[in-house]
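See structure below.
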Amino acid sequence: MLDISLYSKMGKPPITIDVSENFYAWLIQSDFAEIGVTRPQTIMIDGEEQAVDVIDLTKGKISNRQRLREFLIEVMAQEVHEMFKRLGETPTKKEYQEATYNLKKLQQLKLSIEDEAYQFLQKAS
């Protein structure tokens, strides 16, 4: 598993989203990889200052947050379409879980990025 993390300047604990290596490989081959520039930033994590390479979600004429949000909405719509094609009429529980994994992770990522208490995104660790 890999982690995508969001960090706050406001003292909120980090949000960590665990994703499979397959999901992350799929994500970084998309436009997700093109959004934002990763830069080193000193962030307070668990009471200690740590240097991490992150994307500042507030930067850009059209903010990285907005660009990521719009990207995720578009990809989620495509994923729903593909999911319905894969599932058919009576999927098993396992088929359902496998078919909905990407959509659940995309939704989790979108909701986290929309939370303006978090200013920084670390793509994978």
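In my numbering, the protein residues as written are 110 to 234. Think of the CB as a built atom: it goes at the ideal place given N, C-alpha and C, for glycine as much as any other residue.
- Message: Using the Cβ count rule (16 or more neighbours within 10 Å means buried), how would you classify G145?
- Response: Reading the sequence shown from its first residue, position 36 is the one you call residue 145. It counts as buried.
- Task: Could you give the DSSP three-state label for M265: helix, strand or coil?
- Result: Because the chain in this structure spans residues 110 to 234, residue 265 falls outside the shown range and cannot be described.
- Please classify E158: does DSSP put it in a helix, a strand, or coil? Walking along the sequence shown from the start, residue 158 turns up at place 49. Reduced to three states, the DSSP call for E158 is strand.
- With a 10 Å radius around its C-beta and 16 neighbouring C-beta atoms as the bar for buried, classify P214 as buried or exposed. Residue 214 sits at position 105 when you count from the first residue of the sequence shown. With the sequence shown as reference, residue 214 is identified as Lys, and Pro is not the correct amino acid for it. So K214 ends up on the buried side.
- Item | Inter-stretch contact (C-beta, 8 Å, three-pair minimum) for the segment 187–203 and the segment 136–153 | no
- Looking at A160 and T151, is the spacing between their C-beta atoms short of 7 Å? Within the sequence shown, numbered from 1, the residue matching residue 151 stands at position 42. Within the sequence shown, numbered from 1, the residue matching residue 160 stands at position 51. Result yes, Cβ atoms of T151 and A160 sit closer than 7 Å.
- Message: Give me the residue from I222, E204 and N211 with the minimum Cα distance to Q187.
- Response: In the sequence shown, the residue the question calls residue 187 occupies position 78. That would be N211, whose Cα lies nearest to the Cα of Q187.
- Task: Kindly list the residues whose CB is nearer than 6 Å to the CB of S221, restricted to its own chain and excluding five residues on each side of it in sequence; keep chain order.
- Result: Here residue 221 is taken as the residue at index 112 of the sequence shown, counted from 1. Excluding sequence neighbours, S221 sits near L115 and I124.
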